[in-house]
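Structure, as structure tokens:
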Amino acid sequence: SVEIRVVEDYKAQVRSAHKISEQPSFEDTTSAKLSVNVRIQPKAMILDFTPEPIPSIRLGRVKLPKLPTQKASVGGGNYSGTYASFVLSSPRSKKNVWGVRALHEGALSGVKEVDYARQPSYNNEVLADFQRATKNWNLKTQSLLKADYVSFYGANVVSTNPLDSVPGVWQQQYGLSQQWLRTSNPTSKVSAMYRSGGAVYNFTHAGLNTFEHLAKTAHQFELYADDKTVFLDLGYQFSDYNGWA
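Written out as structure tokens, the structure reads:
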């Protein structure tokens, strides 16, 4: 139903052509930058938060089991060997602790093929300990008593009629020590601090007019340099020995 009419013929001529002098332009609209204005404006926000109350701490006491404060042991063995020990200590405490220990070991013989039927040997020891804790220091005191009997076994020859008992000698030792330790740290910045120390004295009598006095002391200091700690230990020992030849 479309009617097409040609009213005039058209003949192209060279002189009627026009040269295009402009280059074609291309534009990618997908990467084109858009102008954007950003404005930040504070806005108050009201939070209606009501937390649940935290239950209060309940303090309770837990009863600790009692530590054994007394102990006794006895025993025996070959060659008329004897053993006995006894320990007595204080109950559990956060400030004062003390204890005493006594020990005995001995035998009447034990060395074969000697000229004596009995060669007794005894070891006896009593040690007492006391410790006290203060706000800034821990103090510890110890005392020691020892009495040992040593036999001279004689010649390694079996005698037809062995003697009753071998000669021997008692050896005694007495000691006393005191130690202290600082448990608190300085509250202000310091360059050095005294941390711990102690002093010990021992007297030993080995029999046959032979004895020794021994005394010594030791101390520890802490030196602070920036973030490092240097430990400095100082000590002194004195010994006096007298022997018999």
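In our numbering, the protein residues as written are 1 to 245. Beta carbons: idealized from backbone N, C-alpha and C, even for Gly. Because the structure is a prediction, the values reported are computed rather than measured.
When the Cα of Phe221 is compared with those of Leu103, Trp180 and Leu145, which residue comes out closest?
Along the sequence shown, one-based indexing puts residue 221 at 221. Among Leu103, Trp180 and Leu145, the Cα nearest to that of Phe221 is on Trp180.
Quick one: what's got a C-beta closer than 6 Å to Asp148's C-beta in the same chain, skipping five residues either side?
Numbered from its first residue, the sequence shown carries residue 148 at position 148. Asn123 and Gln171.
Cα-Cα separation between Phe86 and Gln173, rounded to whole angstroms:
Against the sequence shown, residue 86 aligns to sequence position 86. Against the sequence shown, residue 173 aligns to sequence position 173. Taking the straight line joining both Cα atoms gives about 20 Å.
I think Leu223 touches Ser184, with their Cβ atoms under 8 Å apart; what is that distance to the nearest whole Å?
Residue mapping note: residue 223 aligns to position 223 of the sequence shown, counting from 1. Residue mapping note: residue 184 aligns to position 184 of the sequence shown, counting from 1. That belief does not hold up - the Cβ atoms of Leu223 and Ser184 are roughly 18 Å apart, past 8 Å.
Taking the C-alpha atoms as reference points, what is the distance between Trp98 and Lys140?
The residue you call residue 98 lines up with position 98 of the sequence shown. The residue you call residue 140 lines up with position 140 of the sequence shown. Going by the C-alpha atoms only, they are around 10 Å apart.
What does a CB cutoff of less than 6 Å around Gln237 pick up in its chain, not counting 5 residues either side in sequence?
By 1-based counting over the sequence shown, the position of residue 237 is 237. Answer for Gln237: Lys216, listed in chain order.
Going residue by residue through the region 129 to 209, where are the continuous beta strand (DSSP E) segments of at least 3 residues, counting only ones entirely within it?
137 to 151, 163 to 165, 168 to 182 and 192 to 207
So the candidates are Val150, Phe49, Leu176 and Asp48; which of them puts its Cα closest to the Cα of Ala248?
Residue 248 lies beyond the residue range present for the chain, which begins at 1 and ends at 245; the question has no answer from this structure.
Just the Cα atoms here: how many angstroms apart are Pro167 and Ala128?
Residue numbering aside, residue 167 sits at position 167 when the sequence shown is read from its first letter. Residue numbering aside, residue 128 sits at position 128 when the sequence shown is read from its first letter. Spanning the two alpha carbons is a distance of roughly 32 Å.
Identify the continuous beta strand (DSSP E) that holds Leu103 and give its terminal residues.
Position 103 of the sequence shown holds residue 103. Counting along the chain, the beta strand (DSSP E) containing Leu103 begins and ends at Asn96 to Ala107.
Measure the C-alpha to C-alpha separation of Asn138 and Ser177 and round it to an integer number of angstroms.
As a first step, residue 138 is located in the sequence shown; it is residue number 138 there, counting from the start. As a first step, residue 177 is located in the sequence shown; it is residue number 177 there, counting from the start. So the alpha carbons of these two residues sit roughly 14 Å apart.
Between which two residues does the beta strand (DSSP E) containing Val87 stretch?
Reading the sequence shown from its first residue, position 87 is the one you call residue 87. It spans Gly81 to Ser89 - the beta strand (DSSP E) in which Val87 sits, taken as one unbroken run.
For the putative contact between Val74 and Ala84, defined by C-beta atoms under 8 Å, what is the C-beta separation to the nearest angstrom?
Taking the sequence shown and counting its residues from 1, the one referred to as residue 74 is at position 74. Taking the sequence shown and counting its residues from 1, the one referred to as residue 84 is at position 84. Val74 to Ala84, Cβ: 5 Å. Contact.
Using a threshold of 8 Å, state whether the C-beta atoms of Thr69 and Ser93 are closer than that.
Translated into positions along the sequence shown, residue 69 becomes position 69. Translated into positions along the sequence shown, residue 93 becomes position 93. No, the pair does not count as a contact, with Cβ atoms beyond the cut-off.
From this set, Asn37, Leu59, Phe130 and Glu105, which residue's C-alpha is nearest Asn78's C-alpha?
Against the sequence shown, residue 78 aligns to sequence position 78. Cα-wise, what sits closest to Asn78 is Glu105.
In the DSSP output, which residue or residues are listed as bridge partners for Leu127?
By 1-based counting over the sequence shown, the position of residue 127 is 127. Note: Leu127 sits in a beta bridge opposite Arg101 and Leu144.
Would a C-beta distance cut-off of 8 Å place Gly175 and Asn136 closer than the cut-off?
Looking up residue 175 in the sequence shown gives position 175. Looking up residue 136 in the sequence shown gives position 136. Result no, Cβ atoms of Gly175 and Asn136 do not sit closer than 8 Å.
How is Glu222 classed by DSSP in three states: helix, strand or coil?
As a working mapping, residue 222 is identified with position 222 in the sequence shown. Residue state, collapsed to three classes: strand.
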